[in-house]
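K.L.:
This is the structure I want to talk about, given as structure tokens.
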Ligand code: KG4
Ligand code: ZN
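Next up, the structure:
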């Protein structure tokens, strides 16, 4: 079964053809990072206009690189939410129109579930129960997945996502956007033990995460020690490298410490670490060490599948399609989509009260 995946939830326009949920036949990603960089983050209005221009050529390229025709595509999977409303709408409307024109099934996919499925390629098959840490610029959650397709959030960030913390600290130090890759690079030459940043304690005792206190601790260090943010083109000094390494170590310790604690409680057979921050090699090493201590495997997506892509959307969509699910033309973008179908009513609704569908 050939599924065409389409992703446009944030700043990547992507399309991919995936065979039977596990084989990438083609994957095309157009990143908008260069366009947003001067603004220090994603500008939603610019993002949706760019998606509108790119969606058609990217889908056509994915189908042509796969060496197939549109008539060979069996179904379409598109990111329905969460994400930026204008960006999501471009993918959703395009997918519905294409599905209608080709007279094939289409389905809306939760972007976060897509990240879970990014490990479906280049890894052995996931054994359940699994525990998945999804860390990106917009999300930081740990999901308990007792069997395929069932999700319970067992840890969430109370404030910033981990990737967002990388981006904000990077901005503070004059290192540019996105922050993750540049902080990781500088941290290679830094001393992670130079500054000790505190680990957040959640007062109600839940195994949740918090990164805004860490960001404030870095800001305080910068102020009290008169650290000068880098000017454009200036090379980083040792102090900035040490700050990058110490900050990164604090994030990794919080993420992997919480993942391991929950794994000891829930005894999963597999760990999954995915999302943009999963590119980070320090995080990867720490998660590998933790998995060895636990005696279970940990799967990561390969680098090009860590950040947003459409292959993971096709893989997640395939799982739902083979169970017989599909959408109709009333399907619409939903920025408030949560990934949880286990647990109590309050948990399932999540904390967002406002429904924003279009
Ligand atoms: O998954 P993604 O492409 O988009 C979202 O859905 O948010 O993740 C982007 C995030 C950014 O915040 C970026 O700084 C972070 O992932 N990131 C990294 C690394 N590469 C990207 N964070 C830490 N280390 C990296 N190497
Ligand atoms: Zn993402």
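Residue numbers (the working numbering): 8 to 365. Cβ coordinates follow ideal geometry from the N, Cα and C atoms, glycine included.
1. Have a look at the DSSP bridge pairing and note the partners of residue 159.
2. Could you check which residue in 28, 193, 265, 329 has the C-alpha nearest to that of residue 161?
3. Among 239, 256, 314, 313, which residue has its Cα nearest to the Cα of residue 293?
4. Do the region 58-67 and the region 10-26 meet, that is, are 3 or more Cβ pairs less than 8 Å apart?
5. Looking at residue 143 and the ligand ZN, is the gap between the Cβ and the nearest heavy atom below 7 Å?
6. Which of the three DSSP states is assigned to residue 303 in this structure?
7. Count the CB pairs spanning the region 177-188 and the region 121-141 that are closer than 8 Å, and state whether there are at least three.
8. Determine the contact status of residue 84 and residue 315, defining contact as a CB-CB distance below 8 Å.
9. On the DSSP bridge assignment, give the partners of residue 277 in chain order.
10. Should residue 282 be listed as close to the ligand ZN, given that the test is whether its C-beta is under 7 Å from any heavy atom?
11. For a quick check, are the C-beta atoms of residue 88 and residue 95 less than 8 Å apart?
12. For residue 308 and residue 285, which I take to be in contact (beta-carbon distance under 8 Å), what is that distance rounded to the nearest angstrom?
13. Taking DSSP as the reference, what is the three-state secondary structure of residue 12?
14. Pick from 339, 137, 310: whose alpha carbon is nearest that of residue 275?
15. For residue 326, which of helix, strand or coil comes out of DSSP?
16. Identify which residue in 81, 113, 182, 117 has its Cα closest to the Cα of residue 45.
17. How far does the alpha helix (DSSP H) with residue 30 in it reach, from first residue to last?
18. Reducing DSSP to helix, strand and coil, say where residue 143 ends up.
19. Under 8 Å: do the region 192-202 and the region 237-249 share three or more Cβ pairs, one atom per stretch?
20. Tell me whether the beta-carbon of residue 126 lies closer than 8 Å to the beta-carbon of residue 325.
21. Leaving out five residues on either side along the sequence, give the residues of the same chain with a beta carbon under 6 Å from the beta carbon of residue 167.
22. Using 7 Å as the cut-off, classify the Cβ of residue 187 as near or not near the heavy atoms of the ligand KG4, replying yes or no.
23. Decide if residue 360 is buried, meaning its Cβ has at least 16 other Cβ atoms within 10 Å, or exposed.
24. Classify residue 314 as helix, strand or coil using the three-state DSSP reduction.
P.N.:
This is what the structure gives:
1. Looking at the DSSP assignment, residue 159 forms a beta bridge with 151.
2. Nearest option by C-alpha distance: 265.
3. When only C-alpha atoms are compared, the closest one is 256.
4. The way I'd put it, the region 58-67 does touch the region 10-26; three or more beta-carbon pairs between them come closer than 8 Å.
5. In this structure, the C-beta of residue 143 approaches the ligand ZN to less than 7 Å from one of its heavy atoms.
6. Coil.
7. Between the region 177-188 and the region 121-141, the count of Cβ pairs shorter than 8 Å is below three; the stretches do not touch.
8. The Cβ atoms of residue 84 and residue 315 lie no closer than 8 Å to each other.
9. Under DSSP, residue 277 takes part in a beta bridge, and its partners are 137.
10. In this structure, the ligand ZN has a non-hydrogen atom nearer than 7 Å to the beta-carbon of residue 282.
11. Between residue 88 and residue 95, the CB-CB gap stays under 8 Å.
12. The Cβ separation is near 6 Å, so the contact holds.
13. Residue state, collapsed to three classes: strand.
14. Closest in C-alpha terms to residue 275, from the list 339, 137, 310, comes 137.
15. Three-state DSSP puts residue 326 in a helix.
16. Ranking 81, 113, 182, 117 by Cα distance to residue 45 puts 182 first.
17. Per DSSP, residue 30 belongs to no alpha helix (DSSP H); it is in the beta strand (DSSP E), 30-38.
18. It is coil, neither helix nor strand.
19. In short, these stretches touch, since the Cβ pair count reaches three.
20. No, the Cβ-Cβ distance between residue 126 and residue 325 is not below 8 Å.
21. So the qualifying residues of the chain are 218, 219.
22. Yes, the beta carbon of residue 187 sits closer than 7 Å to at least one heavy atom of the ligand KG4.
23. Unreliable positioning characterises residue 360 in this predicted model, as indicated by a pLDDT of 47, which lies under 50. The coordinate reading is nonetheless provided below. Flag for residue 360 reads exposed.
24. Here residue 314 sits in coil by DSSP.
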